[in-house]
Amino acid sequence: MKFNCSKESLMGALAIAQKAVSSKTTLPILEGILFSVANNNLLLRSTDLEIGVEVNIPAEVDTEGDIVLSSSIIGELIRKLSGSDVFFESDDHHQIKIECLLSNFTLKGLSADEFPAFPEVIEDHIFSIDATVLKELIKGTLFSVATNENIPVLTGVKIELHEDNINLIALDGYRLALRFGKIKNAVGEDLSVIIPAKSLSEINKVLTNYTGDVIVKFSKNQIFFEMENTQFTSRLLEGDFINYKQIIPVEKTTQVKINRRLLLESSERAALLAREGKNNLIKMDFNQDQLILTSNAEIGNVFEIIPIENIGESLKIAFNSKFLIEALRVIEDEELMIHMTTSVGPGVILPVEGNEFIYLILPVRIAEEN
């Protein structure tokens, strides 16, 4: 194998490929990145057997071939080189020479024969989605997944597809996050799958500076994301997701319209004391034209007043400040609605207009005050 490529392009490709390198494995091959060159193209592949990444960049190829190199070593080495182009040449014993300006290195690699193959795609289900939309959907739900594995499916995000609609749903037993979006060029029947939270977190990082369309495909137990020169794959979680629609209350006796920024800032201030007490508790007293928000702890008290429009009954309720703040931070609307029924029923956060999101938070029970 003999080729050269741009150092800058290689650094960017390695940064993406390293996201799927296994950090805890007994298989040395999974600690590496596969380098494969052919047809003036360098392909980098990595996997931890849960997620996988392939990145392609241009290269000037003299001799085709492949080799597996240590992810940590090659990544650090390329970053510290000072030239603009990097030259590679390997021998039959899986040793590779790397040259850049006056720097010369020799690394021991591994045979590519044992590196896991990329899963095959069966294109029965496929669609495209604007990367900006996908990033908003992920950001708007990922924080609500369960962090323990008592119910494994809740450590993932459910993706529902229906015609040109896509829904992402996450819940952890205390809160629910539901975001709605649009897809394009959908092929296949309606579909529902569960993708691990870690996978969505990594694909979101890959999408950071990408603004084009993402092509999404499915096979029996895998999901694939394709964008320009990168393909990302993840296994899907098996099992039945909780029927989240039954959790969302239909009735509402208190309907509050409130400024999102004012509520967020007041909640963040109250949380400074709330986190010193039990359950990160903040109390909310919804009257007809104002919300009184309080938090009490041994080190002090918070008392805030926020103007509101209340269509319905007055209500006293308490929430975990962390859950409320995390939901408010991923909403961009200037104003929002909060629907409630009783002090022991969930609070439901909705847009004033449209149906882009639903956030549901279970309250914390508090003793009634005289």
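Residue numbers for the sequence shown follow the working numbering, so the first one is 1025 and each next one is one higher. Virtual Cβ for every residue (Gly too), placed ideally from N, Cα, C.
{"query": "Classification of Lys1229 by the beta-carbon crowding that lies within 10 angstroms, buried from 16 upward", "result": "exposed"}
{"query": "Nearest residue (CA-CA) to Phe1111, options Ser1225, Asn1028, Asn1172 and Leu1339", "result": "Asn1028"}
{"query": "Where the beta strand (DSSP E) through Val1274 begins and ends", "result": "Taken as a continuous stretch (DSSP letters only), Val1274 belongs to no beta strand (DSSP E), as it is neither H nor E."}
{"query": "Extent of the continuous alpha helix (DSSP H) run through Leu1408", "result": "In the structure displayed, the chain extends from 1025 to 1394; residue 1408 sits before or after that span and is not available."}
{"query": "Distance between Leu1161 and Leu1231 (C-alpha atoms, nearest Å)", "result": "12 angstroms"}
{"query": "Spatially closest choice to Ser1114 from Ser1108, Asp1086, Ser1070 and Leu1101, by CA coordinates", "result": "Asp1086"}
{"query": "Sequence-distant residues of its chain with Cβ nearer than 8 angstroms to Arg1293 (five each side left out)", "result": "Val1326 and Glu1328"}
{"query": "Residue closest to Gly1212, alpha-carbon to alpha-carbon, out of Lys1031, Asn1233 and His1186", "result": "His1186"}
{"query": "CA-to-CA distance, Glu1088 to Leu1067, given in whole angstroms", "result": "11 angstroms"}
{"query": "7 angstroms CB neighbourhood of Asn1245 in its chain, flanking five on each side removed", "result": "Arg1259 and Leu1260"}
{"query": "Test item: CB-CB of Phe1310 and Ile1193 under 9 angstroms", "result": "no"}
{"query": "4 or more residues per run - each alpha helix (DSSP H) lying fully within the stretch 1058-1133", "result": "1095-1104"}
{"query": "Pick from Leu1287, Thr1165 and Thr1171 that is closest to Val1181, judged by C-alpha positions", "result": "Thr1165"}
{"query": "Touching by the beta-carbon criterion (3+ pairs, under 8 angstroms), the stretch 1064-1078 and the stretch 1142-1161", "result": "yes"}
{"query": "Burial state of Asp1072 (16 or more Cβ within 10 Å)", "result": "buried"}
{"query": "Cβ-based neighbour list, Gln1279, same chain, cut-off 6 angstroms, excluding 5 preceding and 5 following", "result": "Ile1335, Gly1336 and His1363"}
{"query": "Own chain, CB closer than 8 angstroms to Leu1291, minus 5 neighbours either side, in chain order", "result": "At residue 1291 the sequence reads Ser, which differs from the Leu that was named. The answer, listed in chain order, is Ile1306, Leu1317, Ser1345, Leu1348, Ile1349 and Leu1352."}
{"query": "Three-state secondary structure (DSSP) of Ser1033", "result": "helix"}
{"query": "Whole-Å CB distance - Val1238 paired with Glu1250, under 8 angstroms assumed", "result": "7 angstroms"}
{"query": "Own chain partners of Val1388 with C-beta closer than 7 angstroms, once the 5 adjacent residues on each side are dropped", "result": "Asn1303, Leu1305, Ala1342, Phe1343 and Asn1344"}
{"query": "Spatial neighbours of Glu1084 in its chain, beta-carbon cut-off 8 angstroms, leaving aside the 5 residues before and after", "result": "Phe1027, Asn1028, Cys1029 and Asn1064"}
{"query": "Euclidean distance between Cα positions of Val1092 and Pro1375", "result": "50 angstroms"}
{"query": "Reduced DSSP category for Asp1137 - H, G, I as helix; E, B as strand; rest coil", "result": "helix"}
{"query": "C-alpha gap between Val1354 and Ala1210, whole angstroms", "result": "27 angstroms"}
{"query": "As assigned by DSSP and simplified to three states, the class of Pro1220", "result": "strand"}
{"query": "Cβ shell of Val1372 (< 6 angstroms), same chain only, five flanking positions each side left out", "result": "His1363 and Leu1384"}
{"query": "Alpha-carbon spacing of Asn1394 relative to Ala1298, whole angstroms", "result": "With a pLDDT of 45 at Asn1394, under the threshold of 50, the modelled position of that residue is not reliable, and the figure given next carries that caveat. For Asn1394 and Ala1298, the distance between alpha carbons rounds to 22 angstroms."}
{"query": "Proximity of Ser1152 and Ile1102 at Cβ, strictly below 9 angstroms", "result": "no"}
{"query": "Local conformation of Ile987 per DSSP, three classes", "result": "No information on residue 987 is available, as it lies outside the stretch 1025 to 1394 that the chain covers here."}
{"query": "Straight-line gap, Phe1381 to Tyr1268 (C-alpha atoms, nearest Å)", "result": "14 angstroms"}
{"query": "Alpha-carbon spacing of Ala1321 relative to Asn1283, whole angstroms", "result": "26 angstroms"}
{"query": "Runs of beta strand (DSSP E) wholly within the stretch 1175-1237 (minimum 3 residues, chain order)", "result": "1180-1186, 1189-1195, 1199-1206, 1208-1211 and 1215-1220"}
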